[in-house]
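Just add 8 to wherever you are in the first sequence, counting from 1, and you've got this note's numbering. For every residue, glycine included, the Cβ atom is placed at its ideal position computed from N, Cα and C.
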Amino acid sequence: MKSMPSNFSAGGLLPLSFYAVSALKAAPRLLGQTLVRETEEGEIRCRIVETESYGGVEDKGSHAYGGRRTARTEIMFGEGGAAYIYLIYGMYHCLNVVTGPQDDPQAVLIRAVEPLTPGDEDLMRAYRGSLARRPMDLSGGPGKLCRALNIDKSLNGVLLHSGDSPLRLEAAGTPAEPPARDDGSDIILAAPRINIAYAAEYAEVPWRFYYQDNPYVSVVDKNRAFLIN
DNA sequence: ACCACGATCGTCT
DNA sequence: GACGATCGTGGTA
């Protein structure tokens with residue numbers, strides 16, 4: 009194995025301290041970590057393979073740009089560790105991990121996940137219906153992964169570091185579930201974020217992170233992506 | 001009250 | 001590659 013994605017003990021919940029950093033630091037660290045979703049139908053465990061940082065009041069791409077503190081963005085201003093979930097285009101949901109201290113709006117958009125086991129994949133396919141053909145179609149994209157995990161606004165504000173939550177984060181490397189492939193596909197690339205042309209100069213900063221050659225990644229940016237590890 | 005728009009996706013050409 | 005779906009949100013009046 010080339011490198012461990014985190015310094016935290018494998019298999020347990022990510023501790024509160026994991027979230028006490030900027031979104032820009034947390035975004036690459038979230039790659040490889042395990043997202044756990046408890047639903048009526050069962051538990052889904054998946055590996056995060058693509059993230060984007062939305063950090064601070066100066067980021068023109070962020071909902072909290074300029075310190076905009078409203079009913080929707082309130083969760084972003086809370087302490088790190090909560091889920092920020094919003095509706096986009098009237099029909100899809102997006103999942104974010106809030107980071108940083110109280111009153112500093114930082115969040116990491118989860119853009120793609122991959123199921124850890126065939127059982128996890130079966131349940132995700134059930135939620136996605138007939139649309140999921142290739143891996144990317146199953147959960148490669150923020151709206152798609154929320155559909156695949158049955159995530160909507162009713163989970164906004166859920167604490168990801170609590171074992172009681174229906175949505176939580178565990179450290180990579182559960183013994184029964186090897187976190188990364190052993191073939192070099194845990195190489196992390198950085199590239200500009202997706203679909204934020206309105207963010208002006210912030211539209212080009214390389215704040216998207218994803219695993220090279222991972223089939224679940226939503227958009228491959230061959231021209232502008234570069235290695236960070 | 002009104003209105004323009006979006007951290008997307010699926011379909012069609 | 002282009003386009004429409006669909007509605008909550010935030011800015012403006």
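Excluding the 5 residues flanking it on each side, residue 211 has same chain C-beta neighbours closer than 6 Å at 204 and 205, in chain order. With respect to residue 28, residue 179 sits apart: the two C-beta atoms are not nearer than 7 Å. Below 8 Å, enough C-beta pairs join the region 145-154 and the region 110-121 to call them touching: three or more.
Around the CB of residue 208, fewer than 16 other CB atoms lie within 10 Å, so the residue is classed as exposed. With a contact defined as Cβ atoms closer than 8 Å, residue 53 and residue 124 qualify at about 5 Å. Excluding five sequence positions before and after residue 81, the CB atoms of its chain that fall closer than 7 Å to its own CB belong to 71, 72 and 113, given in chain order. In the three-state reduction of the DSSP assignment, residue 39 falls in the coil class, being assigned neither a helical nor a strand state.
Taking residue 221 as reference, the option from 138, 213, 214 and 235 with the minimal CA-CA separation is 235. The Cβ neighbour count for residue 97, taken over all protein chains shown within 10 Å, is under 16; the residue is labelled exposed.
The C-alpha of residue 32 is placed about 10 Å away from the C-alpha of residue 214.
Here DSSP, grouped into helix, strand and coil, assigns residue 60 to strand.
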